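Here the structure comes first, spelled out in structure tokens, and everything after it is commentary.
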Amino acid sequence: VSKGSDDSLVTSLAGRLAQVEQLNRRLSAKVAEQAQEIAGLQEKLESAHRLSDEAADAAESHPASREMILQAENEELKAKLADMRDFLAEYGLQWVPGSRKEEGGASDGKSQA
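This is how it looks when you write it as structure tokens:
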């Protein structure tokens, strides 16, 4: 093996090593950035869990608040049901409720005339 060939090989390997080192630095920076992002997301998740737990505790300690929330939701659902009945009536249809089980989501979504 000639000296020129050795120099060429060393130069080639040095260039390749420089590329790999540069890639390694970029990937290391990306991993560090993603680690920071993950840490931030974990902190947000823990905060959300704490808030959720606090809200659940507050609801348990204030049953009247929970009852008011449920009543408001009930009124909203009644209004939506009335809107759906009105919509069907516009087309000469009438909603005929099935059994409780069907109303829970087992129906096929078709209106009965």
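To get our numbering, take the position in the sequence shown, counting from 1, and add 8.
Note that the Cβ used here is the ideal one computed from N, Cα and C, for glycine as well.
Computed from a predicted model, the values in this text were never measured in an experiment.
- Annotated three-state conformation of L101 is coil, per DSSP.
- When DSSP states are grouped into helix, strand and coil, S10 belongs to the coil group.
- Secondary structure at H70: coil, using DSSP grouped into helix, strand and coil.
- Between E75 and E81, the alpha-carbon positions lie close to 10 Å from each other.
- Per the coordinates, the alpha-carbon of A43 lies some 37 Å from the alpha-carbon of E68.
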